[in-house]
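Protein sequence lines correspond, in order, to chains A and B. Per our numbering, residue 6 is the first one in the first sequence, and the count goes up by one each step. Per our numbering, residue 6 is the first one in the second sequence, and the count goes up by one each step.
2 protein chains.
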Amino acid sequence: MDDFGPKRRLERRSTPHRGVRIQDVARLAEVSTATVSRALATPQRVSPEKRARVLEAIAQTGYTPNLTARSLRSQKTGMVLVVLPDLANTFFSRILRGIEETLFEAGYGMIISDLDGSPEKEAHFTAFTTAGRVDGAILLNGHLFGQSRDGQGRAADIDIPIVALCEAIPNADIPQIEIDNRTAARKMTQYLASRGHREILYVSGPAGNVLEKERYRGYRDGLQRAGLSFDPTWVIPGDYTIESGMRAGHSIVQRANRPSGVFCTSDEMAIGLIRTLLSAGIRVPQDISVAGFDDIEFAAVAEPALTTIRQPRQELGRAAAAALIALLQKQETPRLIRLETELVIRDSVTDR
Amino acid sequence: MDDFGPKRRLERRSTPHRGVRIQDVARLAEVSTATVSRALATPQRVSPEKRARVLEAIAQTGYTPNLTARSLRSQKTGMVLVVLPDLANTFFSRILRGIEETLFEAGYGMIISDLDGSPEKEAHFTAFTTAGRVDGAILLNGHLFGQSRDGQGRAADIDIPIVALCEAIPNADIPQIEIDNRTAARKMTQYLASRGHREILYVSGPAGNVLEKERYRGYRDGLQRAGLSFDPTWVIPGDYTIESGMRAGHSIVQRANRPSGVFCTSDEMAIGLIRTLLSAGIRVPQDISVAGFDDIEFAAVAEPALTTIRQPRQELGRAAAAALIALLQKQETPRLIRLETELVIRDSVTDR
DNA sequence: AGCCACGATGTAATCGATTACATCAACTTT
DNA sequence: AAAGTTGATGTAATCGATTACATCGTGGCT
Numbered sequence: 006m007d008d009f010g011p012k013r014r015l016e017r018r019s020t021p022h023r024g025v026r027i028q029d030v031a032r033l034a035e036v037s038t039a040t041v042s043r044a045l046a047t048p049q050r051v052s053p054e055k056r057a058r059v060l061e062a063i064a065q066t067g068y069t070p071n072l073t074a075r076s077l078r079s080q081k082t083g084m085v086l087v088v089l090p091d092l093a094n095t096f097f098s099r100i101l102r103g104i105e106e107t108l109f110e111a112g113y114g115m116i117i118s119d120l121d122g123s124p125e126k127e128a129h130f131t132a133f134t135t136a137g138r139v140d141g142a143i144l145l146n147g148h149l150f151g152q153s154r155d156g157q158g159r160a161a162d163i164d165i166p167i168v169a170l171c172e173a174i175p176n177a178d179i180p181q182i183e184i185d186n187r188t189a190a191r192k193m194t195q196y197l198a199s200r201g202h203r204e205i206l207y208v209s210g211p212a213g214n215v216l217e218k219e220r221y222r223g224y225r226d227g228l229q230r231a232g233l234s235f236d237p238t239w240v241i242p243g244d245y246t247i248e249s250g251m252r253a254g255h256s257i258v259q260r261a262n263r264p265s266g267v268f269c270t271s272d273e274m275a276i277g278l279i280r281t282l283l284s285a286g287i288r289v290p291q292d293i294s295v296a297g298f299d300d301i302e303f304a305a306v307a308e309p310a311l312t313t314i315r316q317p318r319q320e321l322g323r324a325a326a327a328a329l330i331a332l333l334q335k336q337e338t339p340r341l342i343r344l345e346t347e348l349v350i351r352d353s354v355t356d357r
Numbered sequence: 006m007d008d009f010g011p012k013r014r015l016e017r018r019s020t021p022h023r024g025v026r027i028q029d030v031a032r033l034a035e036v037s038t039a040t041v042s043r044a045l046a047t048p049q050r051v052s053p054e055k056r057a058r059v060l061e062a063i064a065q066t067g068y069t070p071n072l073t074a075r076s077l078r079s080q081k082t083g084m085v086l087v088v089l090p091d092l093a094n095t096f097f098s099r100i101l102r103g104i105e106e107t108l109f110e111a112g113y114g115m116i117i118s119d120l121d122g123s124p125e126k127e128a129h130f131t132a133f134t135t136a137g138r139v140d141g142a143i144l145l146n147g148h149l150f151g152q153s154r155d156g157q158g159r160a161a162d163i164d165i166p167i168v169a170l171c172e173a174i175p176n177a178d179i180p181q182i183e184i185d186n187r188t189a190a191r192k193m194t195q196y197l198a199s200r201g202h203r204e205i206l207y208v209s210g211p212a213g214n215v216l217e218k219e220r221y222r223g224y225r226d227g228l229q230r231a232g233l234s235f236d237p238t239w240v241i242p243g244d245y246t247i248e249s250g251m252r253a254g255h256s257i258v259q260r261a262n263r264p265s266g267v268f269c270t271s272d273e274m275a276i277g278l279i280r281t282l283l284s285a286g287i288r289v290p291q292d293i294s295v296a297g298f299d300d301i302e303f304a305a306v307a308e309p310a311l312t313t314i315r316q317p318r319q320e321l322g323r324a325a326a327a328a329l330i331a332l333l334q335k336q337e338t339p340r341l342i343r344l345e346t347e348l349v350i351r352d353s354v355t356d357r
């Protein structure tokens with residue numbers, strides 16, 4: 006292109022540089038770049054005087070190592086990917102905090118992907134993992150990248166450590182962190198029965214969801230143990246959202262034979278359902294008792310205050326992060342971690 | 006450390022390689038690495054046949070470019086840092102979703118930092134930006150890295166684009182995205198007055214908070230326009246949390262002269278406060294009317310349903326992300342973007 | 001004294017892409 | 001036909017660290 010001159014080397018950028026580089030520090034401290042690097046990474050391997058010189062130079066220049074370069078060379082990013090179905094859902098935010106805390110303590114950062122049910126996004130984040138921008142991943146969405154929920158389809162060839170949180174992942178040999186959904190749901194069903202309810206309606210989670218399956222089984226277990234018969238017309242579909250709770254509420258308002266107790270498999274649904282019942286003039290718990298699941302912040306201040314199952318959300322997050330960190334450090338970690346739930350009795354369930 | 010062996014050359018990794026590299030693709034397609042790179046980045050600059058060969062080779066090998074290497078070379082990370090005070094707060098999660106959506110559409114990823122009031126963390130994330138792992142940042146916490154809230158202290162020498170969301174940052178020449186808190190608070194105060202309330206109690210946000218200052222001004226404005234006098238004993242401190250709402254509720258229950266209307270500057274506080282009032286046998290809204298701010302999901306299903314100010318949260322997130330993206334692409338963007346709020350009238354405020 | 005191990009340090013290879021520049025062939029233009 | 005364009009492609013520099021290996025000096029051991 007430049008037709009005139011003989012080949013001329015690209016000018017050394019005249020604008021000094023965007024940031025301070027390890028070379029600049031090395032030059033100022035009159036040592037090699039290797040020494041600077043070691044002074045930071047393995048201080049005991051550098052003589053005290055040089056170390057001091059390096060530190061001084063770093064302070065003067067305000068040097069910060071470029072993490073991208075470090076990642077490229079060391080093949081470690083110090084980043085963890087967290088994949089979750091819905092960022093805007095209250096239930097997840099506290100879990101996230103638990104994850105964040107624990108990762109931070111271990112020096113890791115967190116990249117969040119709100120899947121939002123979009124396969125397109127899913128593909129995008131698969132790329133992330135193969136592309137070496139994260140060291141590991143925590144999955145809250147119940148299936149692996151590139152796999153459908155039933156475990157079919159090619160499993161993307163992910164070769165980084167992964168743990169599954171809350172929703173177990175079928176056919177995957179990775180650590181699972183969860184609560185015992187089945188037992189928890191059974192306990193709540195039995196509790197409702199113990200308060201004299203014999204027609205216990207169940208508002209489900211999304212069809213096919215792993216949590217839902219377990220909770221449903223727990224519901225059936227509970228009925229059986231309480232000596233109650235199961236009636237499929239007492240199962241209403243939901244998807245854990247406030248809106249689906251309201252829909253379920255409407256269907257209850259309109260039906261002829263109303264239940265005396267309702268077991269919603271999320272607090273959001275319980276709150277939405279109660280809202281609908283109250284608006285229709287049905288009193289809670291006097292006319293119908295309603296129980297929830299999760300114990301989100303608003304459960305305690307709802308009117309009436311919600312009887313529910315407490316999940317240790319922050320702990321779940323912490324446990325998942327801890328398990329992943331263990332994997333990243335090539336340590337052993339249990340295949341299954343189950344945290345305890347607690348039946349929280351408040352005002353939304355009363356005696357029949 | 007290993008005292009035994011003679012120096013031995015490091016074995017060339019016998020396991021082939023962790024991932025497919027651009028070289029592998031180039032070799033298979035019988036082209037240079039430059040051509041592979043171009044076939045992906047600027048397809049029109051590569052002949053159709055070679056492009057086809059490259060694509061074929063990529064498909065066969067399952068190659069994905071290593072993003073870390075790309076970032077290092079191109080000095081772009083495709084990542085944005087989002088700093089927020091409290092991840093577990095419902096208010097932020099929907100904003101986050103707006104941010105995430107817009108960033109995703111533009112091909113950016115999101116790194117989240119939950120500050121949680123810890124200066125230690127703040128320092129950590131300052132490092133992030135100087136260290137070149139993100140291209141830009143969205144700040145929801147009301148101050149710059151390394152600066153105290155009043156703008157004092159050394160401003161960290163951040164040289165990446167930054168936008169401030171919700172909380173304006175004093176003394177910083179960066180785009181702000183926010184709502185008109187003052188006007189919104191004035192409207193609500195005037196609305197309460199229009200329903201006949203003359204003793205309007207104000208539950209504040211955290212002292213010093215920028216939002217709080219604006220809303221407080223709006224409250225004073227509203228009183229004035231309604232011809233009501235201001236009484237400092239009608240201001241109760243809060244911090245936007247459910248708990249602080251409950252505390253405010255208790256102080257109302259215990260005081261001699263109760264207000265007829267309460268303006269809480271967050272829905273969380275309103276819900277906590279209502280809970281306390283109801284528990285004390287005070288009816289809402291019959292005895293005391295309560296208004297909120299934000300219109301979070303639970304506002305509509307609370308009992309009574311909350312009269313509040315709707316903030317377009319997802320839009321706020323989208324706008325902030327869009328502004329940042331503009332900056333990243335060296336485009337112009339307004340210094341101040343203000344989104345409209347809306348007075349949402351439900352059941353928690355009634356006539357005096 | 002001679003040998004060896006070890007600690008401190010420097011030199012240069014390396015991580016895996018992007019991209020500036022060189023090269024060459026095929027056309028245009030004058 | 002000579003000179004200049006243009007487009008496709010390859011070669012190698014580059015991004016900024018980490019780290020394998022080489023080197024050198026010191027002190028311990030026999």
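Note that the Cβ used here is the ideal one computed from N, Cα and C, for glycine as well.
For residue 306/A, the residues of chain B that pass the 7 Å Cβ criterion are 247, 276, 277, 280, in the order they occur in the chain. If the five residues before and after residue 338/B are omitted, its C-beta is found closer than 7 Å to the C-beta atoms of 180, 328, 331, 332, all from its own chain and listed in chain order. Put simply, the CB of residue 252/A is far from chain B, with every gap to its CB atoms at 8 Å or more. Contact of residue 69/B with chain A is assigned, a C-beta pair being separated by under 8 Å. Burial state of residue 302/A is buried, judged by a 10 Å Cβ sphere holding 16 or more other Cβ atoms. Boundaries of the beta strand (DSSP E) around residue 86/B: 84-89. Residue environment: residue 187/B is assigned as buried (16 or more neighbouring CB atoms within 10 Å of its CB, all protein chains considered). By the neighbour-count definition (other C-beta atoms within 10 Å, threshold 16), residue 119/A is a buried residue. Of all residues in the stretch 106-131 of chain A, the ones placed with a Cβ closer than 7 Å to any Cβ belonging to chain B are 109, 114, 115, 116, 117, 119, 126, in chain order. By the Cβ criterion, the stretch 34-51 of chain B is not in contact with the stretch 82-90 of chain B, since fewer than three pairs of Cβ atoms, one from each stretch, lie closer than 8 Å. For residue 298/B, the closest of 306/B, 271/B, 307/B, 324/B by C-alpha to C-alpha distance is 271/B. Using a Cβ-Cβ cut-off of 7 Å, residue 76/A is close to 73 of chain B, given in chain order. Going by beta carbons, residue 342/A and residue 324/A fall inside the 8 Å limit.
Using a Cβ-Cβ distance cut-off of 8 Å, the stretch 216-234 of chain B and the stretch 187-207 of chain B are in contact, since at least three pairs of beta carbons, one from each stretch, lie closer than that value.
Using a Cβ-Cβ cut-off of 8 Å, residue 92/A is close to 98, 101, 102, 105 of chain B, given in chain order. The beta carbons of residue 125/B and residue 147/B sit no closer together than 8 Å.
Within the stretch 283-306 of chain A, 283, 302, 303, 306 place their CB atoms closer than 7 Å to a CB of chain B, listed in sequence order. Contact between residue 73/A and residue 76/B is confirmed by a C-beta separation of about 5 Å, below the 8 Å threshold. Proximity of chain A to residue 136/B at the Cβ level (cut-off 9 Å) is accounted for by 24, 69, 70, 71, 72, 73, 75, in chain order.
Within chain B, no C-beta atom comes nearer than 9 Å to that of residue 355/A; the closest sits roughly 16 Å away.
Sequence-distant partners of residue 231/A (beyond 5 residues in either direction) whose C-beta falls short of 6 Å from its own C-beta, in its chain, are 195, 198. Residues are counted here when their Cβ sits less than 7 Å from a Cβ of chain A; for the stretch 312-336 of chain B the count is zero. Runs of beta strand (DSSP E) with 3 or more residues, each lying fully within the stretch 163-215 of chain B, are found at 167-170, 181-184, 205-208, listed in chain order. Of the other Cβ atoms in all chains shown, fewer than 16 fall within 10 Å of the Cβ of residue 47/B; this residue is therefore exposed.
Judged by beta-carbon spacing, residue 233/B lies within the 8 Å limit of residue 203/B, meaning their Cβ atoms are closer than that value. Buried is the label assigned to residue 217/B, since at least 16 other Cβ atoms lie within 10 Å of its Cβ. By the Cβ neighbour-count rule, residue 52/A is exposed, with fewer than 16 other Cβ atoms within 10 Å of its own.
Here residue 315/A carries a strand assignment [DSSP, helix/strand/coil].
With 16 or more neighbouring CB atoms inside 10 Å of its own CB, residue 105/B falls in the buried class.
Listed along chain A, no residue sits closer than 9 Å to residue 270/B by beta-carbon distance, the nearest being about 17 Å off. The three-state secondary structure of residue 100/A, taken from DSSP, is helix. In the DSSP annotation of this structure, the continuous segment of the beta strand (DSSP E) that includes residue 344/A starts and ends at 341-344. Among the CB atoms of chain B, one or more fall inside 8 Å of the CB of residue 95/A.
Looking at 128/B, 144/B, 193/B, the one whose alpha-carbon comes closest to that of residue 89/B is 144/B.
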